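Encoded as structure tokens, the structure appears first; notes follow it.
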Amino acid sequence: MPEARQVGVDVVAAIEALPPLPAVALRVMQVAQDPKASASDLALVVSADPGLSSRILRVVNSAAYRRMREVTSVQQALVTLGFVQARNLALSGAIAGAYAPDALNALFRIETFWRHSLAVAFKAAELAGQGRRVDVPSAFTAGIVHNMGRLALFYRDPALVDQAVARAMAEGRTLEEVEAELGFDHAAAGELLARKWKLPEAICEAIGRHHEPLDTNQTLAGCVAMADRYVVEHGLLPGYVLPPEPGTVRVPAPEFAQLMKQVDALMELVTGEPVGVRAA
Numbered sequence: 400m401p402e403a404r405q406v407g408v409d410v411v412a413a414i415e416a417l418p419p420l421p422a423v424a425l426r427v428m429q430v431a432q433d434p435k436a437s438a439s440d441l442a443l444v445v446s447a448d449p450g451l452s453s454r455i456l457r458v459v460n461s462a463a464y465r466r467m468r469e470v471t472s473v474q475q476a477l478v479t480l481g482f483v484q485a486r487n488l489a490l491s492g493a494i495a496g497a498y499a500p501d502a503l504n505a506l507f508r509i510e511t512f513w514r515h516s517l518a519v520a521f522k523a524a525e526l527a528g529q530g531r532r533v534d535v536p537s538a539f540t541a542g543i544v545h546n547m548g549r550l551a552l553f554y555r556d557p558a559l560v561d562q563a564v565a566r567a568m569a570e571g572r573t574l575e576e577v578e579a580e581l582g583f584d585h586a587a588a589g590e591l592l593a594r595k596w597k598l599p600e601a602i603c604e605a606i607g608r609h610h611e612p613l614d615t616n617q618t619l620a621g622c623v624a625m626a627d628r629y630v631v632e633h634g635l636l637p638g639y640v641l642p643p644e645p646g647t648v649r650v651p652a653p654e655f656a657q658l659m660k661q662v663d664a665l666m667e668l669v670t671g672e673p674v675g676v677r678a679a
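For what it's worth, my numbering labels the leading residue of the sequence shown as 400, then goes sequentially.
Encoded structure:
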């Protein structure tokens with residue numbers, strides 16, 4: 400197994416500071432990537448976690464899914480949805496739902512972070528399906544966790560993340576450039592975290608390389624890097640919001656608007672409230 404890139408002591412400390420990934424999340428990831436698994440298999444795993452089960456039932460019974468009658472069991476919910484939607488729900492709820500801090504930072508916004516991650520997950524899965532060389536479930540999983548290094552740094556040192564975001568916004572630069580000057584690398588931190596979680600090698604590599612100028616959907620790393628660029632280019636940044644330029648209104652492209660409908664349908668798993676009713 401290739402060695403992870405060298406990271407600083409502060410980044411290693413950040414990895415240790417991040418609460419451990421719940422066992423149910425690891426199990427969901429394993430089942431989601433098993434080509435022989437079914438929606439029923441996912442339901443068995445999810446049902447063992449009352450918190451995740453209740454969140455999924457709440458989402459499935461929300462307006463986004465337009466059920467004619469109330470769904471009362473996780474087994475019924477996930478089997479009815481089919482494996483692809485069941486996998487997306489279970490992965491999103493197990494991972495994003497585990498890392499949604501109550502206190503929102505002024506600049507680094509957890510909700511925006513997860514909206515970005517889910518958008519990258521859906522786009523990476525779409526690219527993988529088009530290329531037919533990359534496992535689609537792995538692409539969705541890698542998309543969700545591709546920025547976990549940044550979240551780990553937020554848990555460890557919110558002020559440092561705020562400093563990086565503030566400089567990037569003020570100077571019109573990328574966060575990656577500012578991070579390098581401040582002495583940390585969230586992609587390397589994420590790769591290290593993925594190895595700690597014992598995720599598949601291809602996912603670890605995709606996390607570590609998601610800011611490289613890859614332009615192919617024939618590898619997992621390429622799908623995630625292309626998806627990340629696509630989402631950022633459409634204005635959904637990973638954890639912060641740039642102020643609009645005076646006199647301009649961003650109108651999302653129809654394709655991106657459709658992607659965000661998929662994202663919004665899952666955001667209740669993170670926030671606990673339907674999209675559109677949250678307080679500003």
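Beta carbons: idealized from backbone N, C-alpha and C, even for Gly.
Please read these numbers as outputs of a predicted model, since none were measured by experiment.
- In the DSSP assignment, Y554 falls within the alpha helix (DSSP H) that extends over M547 to R555.
- In chain order, F583 and A588 place their CB closer than 6 Å to the CB of V410, counting only its own chain and leaving out the 5 sequence neighbours on each side.
- In terms of CA proximity to A416, L550 leads the group L550, A586 and E632.
- The alpha-carbon of S516 is positioned some 6 Å away from that of G542.
- For the 9 Å CB-CB criterion, A586 and H609 form a contact.
- Around the beta carbon of S453, a 10 Å sphere encloses fewer than 16 other beta carbons of the protein chains shown; the residue is thus reported as exposed.
- Using a 10 angstroms sphere on the CB of K522, the tally of other CB atoms reaches 16 or more, which defines it as buried.
- One thing to note: A565 has its Cβ within 9 Å of the Cβ of L506.
- Of P421, L420 and A626, the smallest CA-CA separation from P612 is found for A626.
- If you ignore the 5 residues before and after S537, its C-beta comes within less than 8 Å of the C-beta of Q432, A527, P599, A601, I602 and L619, all in its own chain and listed in chain order.
- At a Cβ-Cβ threshold of 9 Å, T511 and L635 count as neighbours.
- Under the DSSP assignment, K660 falls in the alpha helix (DSSP H) whose first and last residues are P653 to L665.
- Considering only V544, A495, V427 and D448, the residue with the shortest C-alpha distance to R594 is V544.
- In this structure, the CA atom of D448 is about 29 Å from the CA atom of A605.
- DSSP places T511 within a helical segment (H, G or I) once states are collapsed to three.
- Proximity of the region 435-442 to the region 471-484 meets the contact definition, three or more beta-carbon pairs being nearer than 8 Å.
- Ranked by Cα distance from A664, the first of P434, A424 and V458 is V458.
- DSSP places E469 outside both helix and strand once states are collapsed to three, so it counts as coil.
- The C-beta separation of W596 from L420 comes to about 6 Å, placing the pair in contact by the 8 Å criterion.
- A straight-line Cα-Cα distance of about 7 Å links V662 and R514.
- Put simply, of E654, F655, Y639 and M659 the residue whose alpha carbon is nearest the alpha carbon of I509 is Y639.
- Collapsing the DSSP output to three states places K435 in coil.
- CA-CA distance, A567 to A624, rounds to 20 Å.
- In the three-state reduction of the DSSP assignment, H633 falls in the coil class, being assigned neither a helical nor a strand state.
- Between V444 and L456, the CB-CB gap reaches or exceeds 9 Å.
- Apart from sequence neighbours up to five positions away, the residues of its chain that approach R426 with a beta-carbon distance below 6 Å are V444, ordered along the chain.
- By the 16-neighbour rule on beta-carbons within 10 angstroms, E525 is buried.
- Around the beta-carbon of T540, 16 or more other beta-carbon atoms lie within 10 Å, marking it buried.
- Put simply, of Q617, G571, Y498 and Q529 the residue whose alpha carbon is nearest the alpha carbon of G548 is Y498.
- Counting other Cβ atoms within 10 Å of its Cβ, R531 stays below 16 and is therefore classed as exposed.
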